[in-house]
Amino acid sequence: MRSPFRSLLSALTPAIPAGLFAAALAAGWCAAVGPAHAEEPPKQAPKTAAQAKPGAKQKAAKVMLGSPMTKVRFSEPAYPLTDDGTYRSFMDKILEEYGRRCVRQEQFGWEVAKDDQERLDYIFQGTMTNYGRMGYLLGEIHPKSVTDPETIAFLGDRDKERYLLVWTPLESSVLFMMCDTANKDAKTAPKK
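Using mature numbering (1 follows the signal peptide of the UniProt record, and there is no 0), the letters of the sequence shown map in sequence onto residues -38 to -1, 1 to 154.
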(Lines of atoms letter the chains of each structure in order from A and count residues from 1; the text may use other names and numbers.)
(Lines give C-alpha, C1' and ligand atoms only; values in the text may rest on other atoms or scores of the structure.)
Protein backbone atom coordinates (compact mmCIF):
# COMPACT_ATOMS: atom_id res chain seq x y z
CA MET A 1 0.00 0.00 0.00
CA ARG A 2 1.30 3.43 -0.90
CA SER A 3 2.14 5.67 2.01
CA PRO A 4 -0.09 8.74 2.46
CA PHE A 5 3.04 10.88 2.94
CA ARG A 6 5.48 10.20 0.15
CA SER A 7 8.54 12.28 0.91
CA LEU A 8 9.15 14.81 3.65
CA LEU A 9 11.43 16.92 1.47
CA SER A 10 8.87 18.29 -1.00
CA ALA A 11 8.26 21.97 -1.60
CA LEU A 12 5.41 23.18 0.57
CA THR A 13 2.61 25.59 -0.22
CA PRO A 14 3.28 29.25 0.53
CA ALA A 15 0.43 29.18 3.04
CA ILE A 16 2.45 26.98 5.42
CA PRO A 17 6.16 27.80 5.28
CA ALA A 18 8.39 24.85 6.13
CA GLY A 19 10.00 26.67 9.05
CA LEU A 20 6.68 27.65 10.66
CA PHE A 21 6.23 24.49 12.75
CA ALA A 22 9.92 24.32 13.65
CA ALA A 23 9.82 27.99 14.63
CA ALA A 24 6.79 27.33 16.83
CA LEU A 25 8.64 24.60 18.65
CA ALA A 26 11.81 26.67 18.97
CA ALA A 27 9.91 29.69 20.27
CA GLY A 28 8.25 27.58 22.92
CA TRP A 29 4.72 28.11 21.58
CA CYS A 30 3.93 24.51 22.48
CA ALA A 31 4.83 24.84 26.14
CA ALA A 32 1.86 25.23 28.46
CA VAL A 33 -0.46 26.54 25.75
CA GLY A 34 -3.66 24.72 24.95
CA PRO A 35 -5.34 24.54 21.58
CA ALA A 36 -6.42 27.86 20.11
CA HIS A 37 -10.12 28.31 19.53
CA ALA A 38 -11.65 30.92 17.28
CA GLU A 39 -13.75 32.39 20.07
CA GLU A 40 -10.83 32.86 22.46
CA PRO A 41 -8.53 35.89 22.39
CA PRO A 42 -4.94 35.08 21.39
CA LYS A 43 -2.70 34.03 24.26
CA GLN A 44 0.79 35.32 24.86
CA ALA A 45 3.55 32.84 24.07
CA PRO A 46 5.38 31.70 27.19
CA LYS A 47 8.97 32.79 27.80
CA THR A 48 11.57 30.86 25.84
CA ALA A 49 14.67 29.43 27.47
CA ALA A 50 16.64 32.55 26.49
CA GLN A 51 14.09 34.81 28.21
CA ALA A 52 13.70 32.69 31.35
CA LYS A 53 15.51 33.65 34.53
CA PRO A 54 18.93 32.07 34.96
CA GLY A 55 18.86 29.09 37.30
CA ALA A 56 15.10 28.61 36.89
CA LYS A 57 13.94 25.05 36.29
CA GLN A 58 12.89 24.44 32.70
CA LYS A 59 9.59 22.61 32.22
CA ALA A 60 9.18 20.01 29.51
CA ALA A 61 6.99 21.09 26.62
CA LYS A 62 3.33 20.23 27.15
CA VAL A 63 1.93 17.43 25.02
CA MET A 64 -1.66 16.40 24.40
CA LEU A 65 -2.93 12.82 24.25
CA GLY A 66 -5.75 13.78 21.90
CA SER A 67 -7.98 16.51 20.55
CA PRO A 68 -10.26 18.14 23.13
CA MET A 69 -12.50 19.41 20.33
CA THR A 70 -13.11 16.10 18.54
CA LYS A 71 -12.51 13.87 21.60
CA VAL A 72 -10.19 11.62 19.56
CA ARG A 73 -6.94 10.21 20.92
CA PHE A 74 -3.74 10.52 18.87
CA SER A 75 -1.59 7.47 18.19
CA GLU A 76 1.13 9.26 20.19
CA PRO A 77 1.10 12.52 22.19
CA ALA A 78 1.40 15.74 20.17
CA TYR A 79 2.49 19.30 20.85
CA PRO A 80 -0.44 21.77 20.83
CA LEU A 81 0.35 24.80 18.68
CA THR A 82 -0.99 28.34 18.74
CA ASP A 83 -2.01 30.13 15.58
CA ASP A 84 -0.94 33.56 14.38
CA GLY A 85 -3.70 33.39 11.76
CA THR A 86 -1.75 31.35 9.20
CA TYR A 87 -3.39 28.01 9.97
CA ARG A 88 -6.86 29.57 10.13
CA SER A 89 -6.38 31.33 6.82
CA PHE A 90 -5.22 28.11 5.17
CA MET A 91 -8.23 26.14 6.46
CA ASP A 92 -10.67 28.92 5.52
CA LYS A 93 -9.37 28.84 1.93
CA ILE A 94 -10.05 25.12 1.80
CA LEU A 95 -13.52 25.42 3.35
CA GLU A 96 -14.52 28.29 1.04
CA GLU A 97 -14.59 25.78 -1.82
CA TYR A 98 -17.18 23.74 0.11
CA GLY A 99 -19.39 26.63 1.24
CA ARG A 100 -18.24 26.32 4.85
CA ARG A 101 -16.20 28.30 7.34
CA CYS A 102 -13.98 27.46 10.29
CA VAL A 103 -15.62 28.07 13.68
CA ARG A 104 -13.22 26.57 16.25
CA GLN A 105 -9.78 25.22 15.55
CA GLU A 106 -6.92 23.20 16.98
CA GLN A 107 -3.51 22.40 15.61
CA PHE A 108 -0.91 19.90 16.76
CA GLY A 109 2.54 18.82 15.71
CA TRP A 110 5.00 15.98 16.09
CA GLU A 111 8.74 16.14 15.55
CA VAL A 112 9.79 13.36 13.17
CA ALA A 113 13.27 12.52 11.88
CA LYS A 114 13.68 13.32 8.18
CA ASP A 115 13.71 9.70 7.00
CA ASP A 116 11.43 8.14 9.62
CA GLN A 117 8.57 7.16 7.31
CA GLU A 118 7.53 4.34 9.65
CA ARG A 119 6.85 6.72 12.54
CA LEU A 120 5.12 9.18 10.24
CA ASP A 121 2.82 6.41 9.02
CA TYR A 122 2.17 5.31 12.61
CA ILE A 123 1.16 8.83 13.69
CA PHE A 124 -1.11 9.39 10.69
CA GLN A 125 -2.68 5.95 10.35
CA GLY A 126 -3.15 5.37 14.08
CA THR A 127 -4.78 8.76 14.60
CA MET A 128 -7.06 8.41 11.57
CA THR A 129 -8.04 4.89 12.67
CA ASN A 130 -9.03 6.37 16.03
CA TYR A 131 -11.32 8.84 14.23
CA GLY A 132 -13.05 5.89 12.58
CA ARG A 133 -13.35 4.05 15.88
CA MET A 134 -15.02 7.09 17.45
CA GLY A 135 -17.73 7.04 14.76
CA TYR A 136 -16.44 9.72 12.39
CA LEU A 137 -17.30 9.25 8.73
CA LEU A 138 -14.18 10.43 6.91
CA GLY A 139 -13.85 11.43 3.29
CA GLU A 140 -10.68 12.65 1.64
CA ILE A 141 -11.14 15.89 -0.28
CA HIS A 142 -8.98 17.46 -2.98
CA PRO A 143 -9.44 21.23 -2.74
CA LYS A 144 -7.92 23.40 -5.46
CA SER A 145 -6.33 25.63 -2.82
CA VAL A 146 -4.06 22.77 -1.66
CA THR A 147 -1.24 22.65 -4.18
CA ASP A 148 1.18 20.49 -2.19
CA PRO A 149 0.56 16.86 -3.19
CA GLU A 150 1.64 15.65 0.26
CA THR A 151 -0.91 17.70 2.19
CA ILE A 152 -3.95 15.53 2.83
CA ALA A 153 -7.35 16.96 3.75
CA PHE A 154 -10.45 15.20 5.04
CA LEU A 155 -13.97 16.13 6.02
CA GLY A 156 -15.11 14.19 9.07
CA ASP A 157 -18.78 13.99 10.02
CA ARG A 158 -20.18 12.87 13.37
CA ASP A 159 -23.36 13.75 15.27
CA LYS A 160 -24.42 16.48 12.80
CA GLU A 161 -21.00 18.13 13.07
CA ARG A 162 -18.52 18.48 10.22
CA TYR A 163 -14.79 18.86 10.85
CA LEU A 164 -11.96 19.68 8.50
CA LEU A 165 -8.80 17.64 9.18
CA VAL A 166 -5.57 18.59 7.38
CA TRP A 167 -2.22 16.76 7.60
CA THR A 168 0.92 18.47 6.33
CA PRO A 169 4.33 16.80 6.47
CA LEU A 170 7.22 19.21 6.90
CA GLU A 171 10.95 18.55 6.68
CA SER A 172 11.39 17.18 10.21
CA SER A 173 7.86 17.27 11.61
CA VAL A 174 4.21 16.74 10.77
CA LEU A 175 1.42 19.25 11.34
CA PHE A 176 -2.21 18.28 12.00
CA MET A 177 -4.73 21.12 11.74
CA MET A 178 -8.44 20.77 12.33
CA CYS A 179 -11.49 22.93 12.71
CA ASP A 180 -15.16 22.59 13.50
CA THR A 181 -17.05 23.97 10.52
CA ALA A 182 -20.36 25.66 9.88
CA ASN A 183 -22.29 26.66 6.80
CA LYS A 184 -20.68 29.80 5.39
CA ASP A 185 -23.94 31.75 5.74
CA ALA A 186 -24.85 30.45 9.23
CA LYS A 187 -25.07 33.20 11.87
CA THR A 188 -24.31 31.11 14.95
CA ALA A 189 -21.57 28.69 15.94
CA PRO A 190 -22.38 24.97 16.17
CA LYS A 191 -23.61 23.87 19.59
CA LYS A 192 -21.42 21.64 21.73
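Glycine included, C-beta positions come from ideal geometry on N, C-alpha and C.
Does the region 79 to 91 come close enough to the region 59 to 69 that 3 or more CB-CB pairs lie under 8 Å?
The region 79 to 91 and the region 59 to 69 do not touch, with fewer than three beta-carbon pairs separated by less than 8 Å.
Can you name the start and end residues of the alpha helix (DSSP H) that M90 belongs to?
79 to 95
Using the Cβ count rule (16 or more neighbours within 10 Å means buried), how would you classify G42?
Checking the sequence shown, residue 42 turns out to be Pro, not Gly. Around the beta-carbon of P42, 16 or more other beta-carbon atoms lie within 10 Å, marking it buried.
Any idea which residues DSSP pairs A40 with across the strands?
M26
Going by beta carbon distance, what residues of the same chain come within less than 6 Å of T113, once the five residues before and after it are set aside?
T130
Where do the N-terminal and C-terminal ends of the beta strand (DSSP E) with E58 fall, by residue?
Per DSSP, E58 belongs to no beta strand (DSSP E); it is in the alpha helix (DSSP H), 48 to 58.
Which one or two residues does DSSP pair with E102 in a beta bridge?
F116
Cα-Cα separation between S107 and V128, rounded to whole angstroms:
12 Å
For L99 and D46, what's the separation of their Cα atoms in angstroms?
Approximately 30 Å between the Cα atoms of the pair.
Can you give me the start and stop residues for the beta strand (DSSP E) that A144 sits inside?
135 to 145
Skipping 5 residues on each side, what residues in its chain have a beta carbon closer than 7 Å to that of T143?
L57, R62, R63, C64, V65, R124, Y125, L126
Terminal residues of the beta strand (DSSP E) in which L126 lies
123 to 131
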